[in-house]
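K.L.:
Numbering-wise, the numbering used here comes out as the position in the sequence shown, counting from 1, plus 458. We put the CB at the ideal spot given by N, CA and C, even for glycine.
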Amino acid sequence: MEEIKKILVSQPRPISEHNPYADMSERHGVNFDFIPLIHLEGLDAHEFRQQRINPLDYTAVLLNSKSAADHYFRMCEELRINVPESMHYYCISEAIANYLQKYIQFRKRRVFFSENNRFEDLLPTMNRRPNEKYLLVSSDVHNDDLVKRMAEHKIIIQPAVMYRTVASEWPQDKPFDYDMLVIFTSSGLQSLRKNFPDWKQEKTLLACFGQNTCNVAEELGFRVDIKAPAEGCPSITIAIDQYLESHQQS
Numbered sequence: 459m460e461e462i463k464k465i466l467v468s469q470p471r472p473i474s475e476h477n478p479y480a481d482m483s484e485r486h487g488v489n490f491d492f493i494p495l496i497h498l499e500g501l502d503a504h505e506f507r508q509q510r511i512n513p514l515d516y517t518a519v520l521l522n523s524k525s526a527a528d529h530y531f532r533m534c535e536e537l538r539i540n541v542p543e544s545m546h547y548y549c550i551s552e553a554i555a556n557y558l559q560k561y562i563q564f565r566k567r568r569v570f571f572s573e574n575n576r577f578e579d580l581l582p583t584m585n586r587r588p589n590e591k592y593l594l595v596s597s598d599v600h601n602d603d604l605v606k607r608m609a610e611h612k613i614i615i616q617p618a619v620m621y622r623t624v625a626s627e628w629p630q631d632k633p634f635d636y637d638m639l640v641i642f643t644s645s646g647l648q649s650l651r652k653n654f655p656d657w658k659q660e661k662t663l664l665a666c667f668g669q670n671t672c673n674v675a676e677e678l679g680f681r682v683d684i685k686a687p688a689e690g691c692p693s694i695t696i697a698i699d700q701y702l703e704s705h706q707q708s
């Protein structure tokens, strides 16, 4: 096993200097580059109306990212909709729940979140509200598994596309010579293929977050070396750290 020195993380650089990547860099002697492979573009009000969805027909909003929150409130503003104070928000993480303070007054009776990054963890709360109607804010590239899983529990969710995922062009002055790639979405993999159609993985390690991302990677002919979440590895950073701990040369 060759020593790992250079890792691409397909997300923006963390705002805080104290983050898991900085810690791994110091302990394992690796360098991280943070270059997003995709970016988001919001649909305009005209495009959204073509879906024939009225956000006010729903009593609750499901948010799986901070971007989803941004685009939900942006779209409501463009549609000249005043979001009622009675609206409930179901968030896939506490970080997203806290982020809502940018738009609303945070109240525990209005905002619910999962501690394990799973909407299914919110089922007990949802079951206590049998008349709730759920709007799932999503991009044009979304997985319907959540809608199907919730339907099995008689929870009906309406996906609403409010933004699209677009491949970002790789910086021309940046060599693509990494020992490991960290990819978080299927769109990131598609962007990788688009930017480097002739690239062959060979010894380059691939770390993927989410089962759908792993599945798409294998469909595209890539080898997935590190997966998260997995048993003992709820996050991709823990999975990478464990891999480096086990495989890096001393």
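Quick check on DSSP: helix, strand or coil for His710?
P.N.:
Past the boundaries of the shown model lies residue 710; the chain is included only from 459 to 708, so the question cannot be answered.
K.L.:
Quick check: the Cα distance between Val619 and Asn670, rounded to an integer number of angstroms?
P.N.:
Taking the first residue of the sequence shown as 1, we reach residue 619 at position 161. Taking the first residue of the sequence shown as 1, we reach residue 670 at position 212. Our two residues, Val619 and Asn670, have alpha carbons roughly 19 angstroms apart in a direct line.
K.L.:
Ala688 and Ala675: beta carbons closer than 8 angstroms?
P.N.:
Position 230 of the sequence shown holds residue 688. Position 217 of the sequence shown holds residue 675. No, the pair does not count as a contact, with Cβ atoms beyond the cut-off.
K.L.:
Could I get the ranges of all uninterrupted alpha helix (DSSP H) runs contained in the region 623–699, with 4 residues as the minimum, in chain order?
P.N.:
Counting only runs of 4 or more, we get 644–653, 669–677.
K.L.:
If you drop the 5 nearest sequence neighbours on each side, which residues of the same chain put their C-beta closer than 7 angstroms to that of Phe667?
P.N.:
The residue given as residue 667 occupies position 209 in the sequence shown. For Phe667, where only same-chain residues beyond five positions count, the Cβ hits under 7 angstroms are Phe642, Ala686, Ile694.
K.L.:
Can you tell me whether DSSP reads Ser483 as helix, strand or coil?
P.N.:
Stepping through the sequence shown from its first residue, residue 483 is reached at position 25. Note: Ser483 maps to helix in three-state DSSP.
K.L.:
Based on Cα-Cα distance, which residue from Gly679, Asn653, Ser544 lies nearest to Leu664?
P.N.:
Counting from one through the sequence shown, the residue named residue 664 turns up at place 206. The option with the nearest alpha carbon to Leu664 is Gly679.
K.L.:
Which class does Glu543 belong to by DSSP, given the choice of helix, strand or coil?
P.N.:
Here residue 543 refers to the residue found at position 85 when the sequence shown is read from its first residue. Here Glu543 sits in coil by DSSP.
K.L.:
Here's the rule: buried if 16 or more other CB atoms are within 10 angstroms of the residue's CB, otherwise exposed. What is Asn522?
P.N.:
For the purposes of this step, residue 522 is taken as the residue at position 64 of the sequence shown. Asn522 comes out buried.
K.L.:
Could you check if Ala480 is buried or exposed, using at least 16 other CB atoms within 10 Å of its CB as the buried criterion?
P.N.:
Taking the first residue of the sequence shown as 1, we reach residue 480 at position 22. Per the 10 Å Cβ criterion, exposed.
K.L.:
Measuring alpha carbon to alpha carbon, tell me which of His705, Ser597, Met638 ends up nearest Ser645.
P.N.:
Counted from its first residue, the sequence shown places residue 645 at position 187. Of His705, Ser597, Met638, the residue nearest in Cα terms is Ser597.
K.L.:
Under 8 angstroms Cβ to Cβ from Phe654, same chain only, skipping five residues before and after it: list those, please.
P.N.:
For the purposes of this step, residue 654 is taken as the residue at position 196 of the sequence shown. So the qualifying residues of the chain are Trp628, Phe634.
K.L.:
Between the C-alpha atoms of Ser626 and Val640, what's the straight-line distance to the nearest angstrom?
P.N.:
Counting from 1 along the sequence shown, the entry for residue 626 is found at position 168. Counting from 1 along the sequence shown, the entry for residue 640 is found at position 182. Going from the Cα of Ser626 to the Cα of Val640 covers about 16 angstroms.
K.L.:
Exposed or buried, Ile473, counting other C-beta atoms within 10 Å across all chains shown (16 or more means buried)?
P.N.:
Position 15 of the sequence shown, counting from 1, holds the residue named residue 473. Counting Cβ neighbours within 10 Å, Ile473 comes out exposed, since fewer than 16 surround it.
K.L.:
Would DSSP call Ser704 helix, strand or coil?
P.N.:
Start at 1 with the first residue of the sequence shown, and residue 704 comes out as number 246. The answer is helix: DSSP assigns Ser704 an H, G or I state.
K.L.:
Pop quiz: Val595 and Ala553 are said to be a contact at Cβ under 8 angstroms. What is the actual Cβ separation, rounded to whole angstroms?
P.N.:
In the sequence shown, counting from the first residue as 1, residue 595 sits at position 137. In the sequence shown, counting from the first residue as 1, residue 553 sits at position 95. The pair is not a contact, with the Cβ atoms about 16 angstroms apart (cut-off 8 angstroms).
K.L.:
Shortest alpha-carbon distance to Ile562 belongs to which of Asn575, Glu573, Met545?
P.N.:
Along the sequence shown, read from residue 1 onward, the residue named residue 562 stands at position 104. When each option's Cα is compared against that of Ile562, the closest is Met545.
K.L.:
To the nearest angstrom, how far is the alpha carbon of Arg622 from that of Lys463?
P.N.:
Sequence index remark: in the sequence shown, residue 622 carries index 164 (1-based). Sequence index remark: in the sequence shown, residue 463 carries index 5 (1-based). Approximately 34 angstroms, taken between the alpha carbons.
K.L.:
Tell me the rounded alpha-carbon separation between Gln469 and Val488.
P.N.:
Numbered from its first residue, the sequence shown carries residue 469 at position 11. Numbered from its first residue, the sequence shown carries residue 488 at position 30. When rounded, the distance between both Cα atoms is 17 angstroms.
K.L.:
Any idea which residues DSSP pairs Cys549 with across the strands?
P.N.:
To locate residue 549, count along the sequence shown from 1; it is residue 91. Its beta-bridge partners are Leu521, Phe571.
K.L.:
Is it true that the region 496–507 meets the region 532–539, where meeting means three or more beta-carbon pairs spaced less than 8 angstroms apart?
P.N.:
yes
K.L.:
Helix, strand or coil for Lys464 per DSSP?
P.N.:
Residue mapping note: residue 464 aligns to position 6 of the sequence shown, counting from 1. Lys464 falls in the strand class under three-state DSSP.
K.L.:
Excluding five sequence neighbours on each side, which residues of the same chain lie with their C-beta closer than 6 angstroms to the C-beta of Asp699?
P.N.:
Against the sequence shown, residue 699 aligns to sequence position 241. Cβ neighbours of Asp699 beyond the five flanking positions: Met482.
K.L.:
Using only the alpha-carbon positions, how far apart do Glu461 and Lys612 sit?
P.N.:
Residue mapping note: residue 461 aligns to position 3 of the sequence shown, counting from 1. Residue mapping note: residue 612 aligns to position 154 of the sequence shown, counting from 1. Going by the C-alpha atoms only, they are around 50 angstroms apart.
K.L.:
Only counting the same chain, and skipping five residues up and downstream in sequence, which positions put a Cβ closer than 6 angstroms to that of Val541?
P.N.:
Counting from one through the sequence shown, the residue named residue 541 turns up at place 83. Cys534, listed in sequence order.
K.L.:
I need the straight-line Cα distance from Ser708 to Glu484, nearest angstrom please.
P.N.:
Counting from 1 along the sequence shown, the entry for residue 708 is found at position 250. Counting from 1 along the sequence shown, the entry for residue 484 is found at position 26. In this prediction, Ser708 scores a pLDDT of 48, lower than 50, which makes its location untrustworthy; no coordinate-derived value is stated.
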